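J.: Below is the structure I would like to discuss, written out as structure tokens.
Chains as they are written, first to last, in our numbering: chain A, 1 to 168; chain B, 1001 to 1449.
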């Protein structure tokens, strides 16, 4: 009983019961954090599988006429060969809400059937609600072959000529 | 046999007098969610419309049919669609079980939504019922989450594109949005990882939360002193009058049983007559035109056509936060249990409903054909011109409606809130109707006939 009175008067001193309580709480908290952290890591998305996410060989430079747009469904991109002879690979995913855009040759535009966004041949927004130009992938031309790296999605606000890749 | 039953369930056989009937309720595992006696007016059909009980019954139907479906469903991109086709064509009663699950799930959205409206209109969040009001709002969101995750599982075109659009929305949520969407989808787009995640969430995570929260919701109704009831008018000798109280058996249990039987019969007949939709196999390259969200998200989708996605999510988000906060705003307890609070409240509700029917279609048509905010503000980011400007206008409109009720209609806080709430709910219904019936190819406005 006299133990109780001493703790009441002197709060700076930690008695055994409080120490054990605090220790148990701290350990419980640690356990919860560990389980939570482990669960989160367990459910972490794994890196991409299959063709998408790697480099894709689109084919020889000469096989794409100028002012043409070719769809690579497995690589999830459109390869654009502009009238200036530059190449541009745009991600097929609409920048608004993720639907796959279609290339409409007669209208000369990419069109998203979900919310009617439209993009010109460079992927620039022609008609909102899309907030920015279509995303792109890096292109290199090696030994006359167009190589597209689908591993890194590059975002941009609008088209700029520097985004084009040229052969040789 | 009866011995065993008695030992397992503590039941009295066929209780015949009030006392043993009350004991039977108190001792029964399921029935003890009820009090032993209920006030007679609380049993009135036109007070509750049985919406809570109907929702609970549907949840039970969903649980049973859901477990059955798990035995016949494959959560893989290659086999999900085929397994649903098998259910429809090969499995005995497969089409019926899937139909029951599908239509009960859709109906549950409607009944929980109506339940929220009923509880709000009768001030069911008053007299210490704030916590249960909040739990109810969470349960409604849970029902939506159930429907959303279940939507992907058939892996048809409808499923694939609705989930693509739905999860892309998350990408606009600042800071955490991208990470949550990436986590849900297990990658940048909807694929095997997403299907597996959605399945696990749909059949394990959400049901666990649902069962806990539902039990709490029911238990809390009892602890709060039963469902909301009007305060009885004092009698002539100034003493509070006593409301007649009836035993739960048979008065409440019989009604619940009758409602459940009618409901289950109706849903079963509907499921037999109307097969649940199943479109073509999901094709990640060709979205259908128009690609629409699930019908209960059509209101949100309609907002998306008019606003920047961040604004289109903030507007219903703010409205939802407002609904959750209502108990802290409308604290007048004298009018508990009275539909629309008072005569003035009935008036504001009526005006709110008329505005709700009239305003959204007019605004949709104006924005569709004449108003183009981004081109009116050249050089301004669309986040502001097409996002914060229409958001501010909408919120300003809501504030104007509320002030109208307060100043012109001389309504008190509660009555004005009733008007605003009814306006919001009717607007949501109108936007949903526009999205479902008046949006055609390329999401252009069309006539439905």
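For glycine and all other residues, C-beta sits at the position ideal for the given N, C-alpha and C. Treat the numbers as computed from the prediction; the structure is a model and nothing was measured.
Could you please give the first and the last residue of the uninterrupted beta strand (DSSP E) stretch that includes residue 172(A)?
T.: What the structure shows of chain A is the stretch from 1 to 168, and residue 172(A) is not part of that stretch, so it cannot be assessed.
J.: With residue 1160(B) and residue 1284(B) assumed to form a contact (beta carbons below 8 Å), what rounded beta-carbon distance in angstroms separates them?
T.: 7 Å
J.: Which one of 63(A), 61(A), 160(A) has the shortest CA to CA distance from residue 125(A)?
T.: Out of 63(A), 61(A), 160(A), the CA that lies nearest to the CA of residue 125(A) is found in 160(A).
J.: Examine the Cβ distances between the segment 112-120 of chain A and the segment 72-87 of chain A and report whether three or more of them are shorter than 8 Å.
T.: no
J.: Give, in chain order, every residue of the segment 1156-1180 of chain B whose Cβ lies closer than 9 Å to some Cβ of chain A.
T.: 1161, 1164, 1165, 1166, 1167, 1168, 1169, 1171, 1172
J.: At what residue ranges does the segment 1292-1333 of chain B contain a whole run of the alpha helix (DSSP H), taking only runs of 4 or more?
T.: DSSP runs (the alpha helix (DSSP H)) wholly in the segment 1292-1333 of chain B: 1298-1304, 1309-1329.
J.: Should residue 138(A) be flagged as near chain B, meaning a C-beta pair shorter than 8 Å?
T.: no
J.: How about residue 109(A): is its C-beta nearer than 8 Å to some C-beta of chain B?
T.: no
J.: If you drop the 5 nearest sequence neighbours on each side, which residues of the same chain put their C-beta closer than 6 Å to that of residue 1051(B)?
T.: Hits under 6 Å: 1111, 1114, 1115, 1118.
J.: Does the distance from the C-beta atom of residue 1466(B) to that of residue 1249(B) stay below 8 Å?
T.: Missing from the structure shown is residue 1466(B); chain B here goes from 1001 to 1449 and no further.
J.: Would you list the residues sitting across from residue 88(A) in a DSSP beta bridge?
T.: In the DSSP output, where bridge partners are listed per residue, residue 88(A) has 80(A).
J.: What separation, rounded to the nearest whole angstrom, lies between the Cα atoms of residue 21(A) and residue 1030(B)?
T.: 37 Å
J.: Taking 7 Å as the cut-off, is the beta-carbon of residue 1148(B) closer than that to any non-hydrogen atom of the ligand HEM?
T.: In terms of ligand content, the structure shown is empty, and the ligand HEM therefore cannot be addressed.
J.: What does residue 1183(B) reach in chain A if we use C-beta pairs closer than 9 Å?
T.: 40, 43, 44, 45
J.: In chain B, what lies closer than 8 Å to residue 100(A) by C-beta?
T.: 1284, 1285, 1286, 1287
J.: When DSSP labels each residue in this structure, what does residue 1125(B) get in the three-state scheme?
T.: Coil, per DSSP.
J.: Please list, in chain order, the chain A residues whose beta carbon lies closer than 8 Å to that of residue 1304(B).
T.: 97, 115, 129
J.: So, at 6 Å on beta carbons, what are the nonlocal neighbours of residue 1172(B) in its own chain, with the 5 sequence-adjacent residues on each side left out?
T.: 1309, 1310
J.: Please list the segments of the alpha helix (DSSP H) lying wholly inside the segment 1078-1106 of chain B, counting only runs of 4 or more residues, in order along the chain.
T.: 1080-1089
J.: Taking 8 Å as the threshold, find out whether the segment 1141-1151 of chain B comes into contact with the segment 1292-1308 of chain B through three or more Cβ pairs.
T.: yes
J.: Are the Cβ atoms of residue 1077(B) and residue 1177(B) separated by less than 8 Å?
T.: No, they are not a contact pair.
J.: Can you name, in chain order, every residue of its own chain whose Cβ lies under 8 Å from the Cβ of residue 1072(B), other than the five neighbours on each side?
T.: 1083, 1086, 1087, 1091, 1094
J.: Starting from residue 100(A), follow its DSSP beta bridges and name the residues at the other end.
T.: 93(A)
J.: Let me know the alpha helix (DSSP H) ranges lying completely inside the segment 1028-1078 of chain B, each 4 residues or longer, listed in chain order.
T.: 1045-1048, 1051-1070
J.: Listed from N- to C-terminal order along the chain, which residues in the segment 79-98 of chain A have their beta-carbon within a distance smaller than 8 Å of any beta-carbon of chain B?
T.: Here the close residues are 92, 93, 96, 97, 98.
J.: Residue 51(A) to residue 139(A), Cα distance in whole Å?
T.: At residue 51(A) the pLDDT is 48, less than 50, meaning the model places this residue with poor confidence; the figure from the coordinates comes in the next sentence. Rounded to whole angstroms, residue 51(A) to residue 139(A) spans 16 Å at the Cα level.
J.: Based on Cα-Cα distance, which residue from 1243(B), 1074(B), 1247(B) lies nearest to residue 1196(B)?
T.: 1074(B)
J.: Count the C-beta pairs between the segment 1213-1221 of chain B and the segment 1134-1141 of chain B that are closer than 8 Å, then say yes if the count reaches three, no if not.
T.: yes
J.: Determine the chain A residues that contact residue 1308(B) at a beta-carbon separation under 8 Å, and present them in chain order.
T.: By Cβ distance, chain A contributes 129, 131.
J.: Can you pull the chain B residues whose beta carbon is under 9 Å from the beta carbon of residue 73(A), in chain order?
T.: Chain order gives the chain B residues near residue 73(A) as 1284, 1285, where near means a beta carbon separation below 9 Å.
J.: Under 8 Å between C-beta atoms, does residue 4(A) make it to chain B?
T.: For residue 4(A), the pLDDT reaches just 49, beneath the cut-off of 50, and the residue's location in the model is therefore unreliable, leaving the point undetermined.
J.: Answer yes or no: do residue 60(A) and residue 144(A) have a C-beta to C-beta separation smaller than 8 Å?
T.: yes
J.: With distances taken between CB atoms, is the gap from residue 1438(B) to residue 1445(B) smaller than 8 Å?
T.: yes
J.: Quick one: which unbroken alpha helix (DSSP H) runs of 4-plus residues sit fully inside the segment 1134-1185 of chain B? Chain order, please.
T.: Listed in chain order, they are 1157-1170, 1177-1185.
J.: For chain A, is any of its Cβ atoms less than 8 Å away from the one on residue 1316(B)?
T.: no
J.: Anything in the segment 1368-1398 of chain B with a Cβ closer than 8 Å to a Cβ of chain A? List those residues in chain order, please.
T.: 1374, 1382, 1383, 1386
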